[in-house]
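Positions 1 to 163 (UniProt numbering) are the ones given, in order, by the sequence shown. Even for Gly, the Cβ is constructed at its ideal location relative to N, Cα and C. Here the structure comes first, spelled out in structure tokens, and everything after it is commentary.
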Amino acid sequence: MICYQLCCANGHTFEGWYRDSAAFTRLKQENLLSCAICGTPKVEQALMAPAIVKGRSQPKKPETVEPPVTTPPQQHHEAPAATQQPKPVTPDNLMSALRQIRAVVEENCENVGSNFADEALRIHHGEAPERGIYGDMTASEREMLEDEGVDVLPLPWVRKTDS
Numbered sequence: 001m002i003c004y005q006l007c008c009a010n011g012h013t014f015e016g017w018y019r020d021s022a023a024f025t026r027l028k029q030e031n032l033l034s035c036a037i038c039g040t041p042k043v044e045q046a047l048m049a050p051a052i053v054k055g056r057s058q059p060k061k062p063e064t065v066e067p068p069v070t071t072p073p074q075q076h077h078e079a080p081a082a083t084q085q086p087k088p089v090t091p092d093n094l095m096s097a098l099r100q101i102r103a104v105v106e107e108n109c110e111n112v113g114s115n116f117a118d119e120a121l122r123i124h125h126g127e128a129p130e131r132g133i134y135g136d137m138t139a140s141e142r143e144m145l146e147d148e149g150v151d152v153l154p155l156p157w158v159r160k161t162d163s
């Protein structure tokens, strides 16, 4: 994974995580990037310091697997008005945003449960209709999908309500 510092035409800066630099380039060329704050599609890489990796001093922690999702084809959402000021990032705002993400995924994608990896692979090979799906997968299934060239996006799956 690679993290880029991004900047939109309205001056907002935010991070974007990508499988590799080629994935970022492909998404930019296909106009699939948008500002995380205002939604404008005019996004560029911002200047950033290179990451310097030293040898590992601690053993690698096991990977936690979040519910992955593939996005439905050619789905466009209108960007919010550029005059809206972004809300400050607070735990409540963050949880609200994560719940909104979950609601959009549940509304626009099919829950295939533990069959996620198999169904994503079938869609990738053209054996199943192309559509947005979400569900569960193991770390080994995620690795297999990456090896096959299937793009998946793990999402933080928060509860619908916290009481």
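Asked, Found
"Rounding to the nearest angstrom, what Cα-Cα distance links Lys160 and Ser96 in this structure?", "9 Å"
"Taking Ile101 and Leu155 to be in contact with their CB atoms under 8 Å, please state how far apart those CB atoms are, rounded to whole angstroms.", "6 Å"
"Which residues share a DSSP beta bridge with Ile123?", "Looking at the DSSP assignment, Ile123 forms no beta bridge with any residue, so it has no partner."
"Hey, quick one: how far does the alpha helix (DSSP H) through Val105 stretch, first residue to last?", "91 to 108"
"For Asn111, list the residues DSSP reports as bridge partners.", "Tyr134"
"Which class does Thr40 belong to by DSSP, given the choice of helix, strand or coil?", "coil"
"Leaving out the 5 sequence neighbours to the left and right, which residues in its chain are closer than 8 Å to Glu110 when beta-carbon positions are compared?", "Arg131, Gly132, Ile133, Tyr134"
"Please name the residue in Arg142, His12, Arg26, Ala117 whose C-alpha comes closest to that of Gly39.", "His12"
"Just how far apart, CA to CA, sit Leu94 and Val158?", "11 Å"
"Taking DSSP as the reference, what is the three-state secondary structure of Glu148?", "helix"
"When the Cα atoms are used, what is the spatial distance from Phe14 to Asp20?", "17 Å"
"By the DSSP assignment, the alpha helix (DSSP H) with Leu155 in it spans what residues?", "Segment: none, Leu155 is in no alpha helix (DSSP H) and carries neither H nor E."
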